[in-house]
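To keep things clear, I will list the structure first and then write my remarks on it.
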Amino acid sequence: MTVLTISFKGESRELNIDDALPYSEFLQEIEKETQIPAEFVKLITAGLGVIKADKLANGGATPISKVFHTEQSRKKIILMGTPINKMEELQETEAAKAREHARYLQRSQNLRRLARRPARTQSAVPSSTYTFHKIEPLAGLPHPEKARAYLERLRDDRGIRAIMEKYKWSVGVLSELDPASSTSHQSRLLGLNTGMGQMIQLRIRTDDYQGFCNYKEVRKVLCHELTHNVHSEHDRKFWDLCKILEREAVDLDPFGHSGRQLGPDIYDGPGFGADLDELLAVDEGGLIGSTQRLGTLEPPSTSTSHSRSKPTSTITSSPTSTSTATTTNSSPLVPSTTTESTPTSPPTDEDDSVQARIRRAAEERRRHNKQTHEESQAGN
């Protein structure tokens with residue numbers, strides 16, 4: 001018997017090997033122990049250096065006693081090689097690099113092909129007809145200049161501009177919703193289309209009034225509200241057009257494509273999933289009428305009975321103002337309106353206070369939570 005000391009990854013192990021065992025079979029035994037394929041096993045020993053089967057007298061058939069024929073060569077044999085599972089990982093890594101390189105080459109080819117295309121004619125100046133004709137941030141809220149810039153960004157969004165131009169839509173006013181007054185114990189209002197295009201209001205602020213909601217999410221709400229320029233009810237025609245607008249907001253923007261999506265785009269802020277128990281109301285749709293809540297077919301309970309109106313109607317648009325809107329539709333897509341507003345008494349300092357709005361919303365949520373708890377206890 002021949003005693004060999006094998007060193008692999010800093011650990012030494014003595015093996016008792018039959019003197020007559022062929023070198024090739026010895027390598028197979030090493031493969032069983034280490035998962036290193038025999039053809040990739042490399043043995044290094046003092047005095048002999050790297051053992052190569054093709055250099056041996058009888059190749060792989062050479063007996064072990066003839067391969068390690070000196071005492072020094074048997075005392076420490078360094079084993080080098082990569083286990084098969086590690087080799088598979090390396091191969092997968094190399095394959096991933098090859099795929100990424102192929103995608104890079106494909107992108108380069110696409111860019112060169114696009115560069116050879118004739119430029120599309122597109123006006124650099126937004127249309128003065130098919131646009132939002134007036135931007136109105138709410139007075140009395142923090143950072144009015146940031147709110148105006150946010151609304152102007154939506155108005156000038158290349159995808160939104162292309163949609164307005166394509167469908168010949170003209171909206172009188174683009175404004176914002178007050179988070180506090182648009183929040184109840186049942187849901188949150190994210191958007192509102194008054195008069196099928198007379199005014200569109202969007203919830204762009206976070207609940208604490210210190211920041212602004214995710215732009216992409218608000219743009220989706222805007223597409224939803226623009227759909228109400230055509231369809232008042234949330235029926236199949238409405239949702240089909242809404243999905244088309246959401247897609248066109250990206251597809252019609254020549255510079256808005258971001259290529260392959262490598263991961264989820266998640267926004268977890270106030271009004272967008274921060275509280276899974278909260279239902280979100282997208283809008284009331286068309287003229288102000290029955291409120292459709294996202295995730296439920298039930299309208300919110302309210303002391304005032306609402307009904308969806310025709311394009312010519314008298315509308316109560318908010319708790320603090322009364323608007324009489326007369327609409328003459330020359331086209332089902334582009335309503336032309338004449339609106340006279342008669343404001344009621346001016347709000348008090350308390351009503352105009354941001355903190356007061358926040359307190360009212362918080363109190364509304366507390367009442368709802370208490371009611372839910374009592375109903376749950378009664379059910380038990």
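So that you can map any letter, position 342 of the sequence shown is 342 in the UniProt record's numbering, and since no number is skipped, the others follow by simple counting. Where is the CB? At the ideal position from N, CA and C, for every residue including glycine. Remember, it's a predicted structure, so these values are computed and weren't measured experimentally.
Check                                                                                                                           : Outcome
Backbone CA spacing between Lys-32 and Ala-38 [nearest angstrom]                                                                : 9 Å
Bounding residues of the beta strand (DSSP E) (the contiguous stretch that carries Leu-202)                                     : 199 to 202
Bridge-paired residues (DSSP) for Ser-175                                                                                       : Glu-136 and Gln-201
Same chain, Cβ closer than 8 Å to Lys-146, neighbours up to 5 away in sequence not counted                                      : Phe-212
Buried versus exposed, by CB contacts within 10 Å (16 or more), His-231                                                         : buried
Nearest-angstrom Cα separation, counted from Phe-132 out to Arg-158                                                             : 13 Å
Exposure of residue 381, with buried meaning 16 or more beta-carbon neighbours within 10 Å                                      : Here the chain has residues from 1 to 380 only, and residue 381 is not among them.
First and last residue of the uninterrupted beta strand (DSSP E) at Phe-26                                                      : Segment 23 to 34 is the alpha helix (DSSP H) holding Phe-26; no beta strand (DSSP E) there.
Distance between Arg-219 and Cys-242 (C-alpha atoms, nearest Å)                                                                 : 12 Å
Top-ranked residue by Cα proximity to Arg-148, from Ile-204, Ile-160 and Tyr-23                                                 : Ile-204
Pairwise C-alpha distance: Leu-202 and Arg-190                                                                                  : Per the sequence shown, the amino acid found at residue 190 is Leu instead of Arg. Between Leu-190 and Leu-202, the C-alpha separation is close to 6 Å.
Buried/exposed call for Leu-262, threshold 16 Cβ in 10 Å                                                                        : Low per-residue confidence applies at Leu-262: pLDDT is 39, beneath 50, and the placement is therefore not dependable enough to give any value.
Straight-line gap, His-185 to Glu-233 (C-alpha atoms, nearest Å)                                                                : 24 Å
Nearest candidate by alpha-carbon position, reference Val-221, set Ala-180, Ile-44, Leu-252 and Ile-160                         : Ile-160
Cut-off 8 Å between Cβ atoms - residues of its own chain near residue 381, not counting five sequence neighbours on either side : This structure does not reach residue 381, given that the chain is present from 1 up to 380, and the question cannot be answered.
Nonlocal neighbours in the same chain, by C-beta distance under 7 Å from Thr-129, ignoring five residues either side            : Ser-170
Closest residue to Leu-43 among Ser-73, Ala-95, Gln-210 and Gln-106 (Cα-Cα distance)                                            : Ser-73
Asn-110 (DSSP reduced to helix, strand or coil)                                                                                 : helix
Extent of the continuous alpha helix (DSSP H) to which Glu-233 belongs                                                          : Unbroken run through Glu-233: none, as it is neither H nor E.
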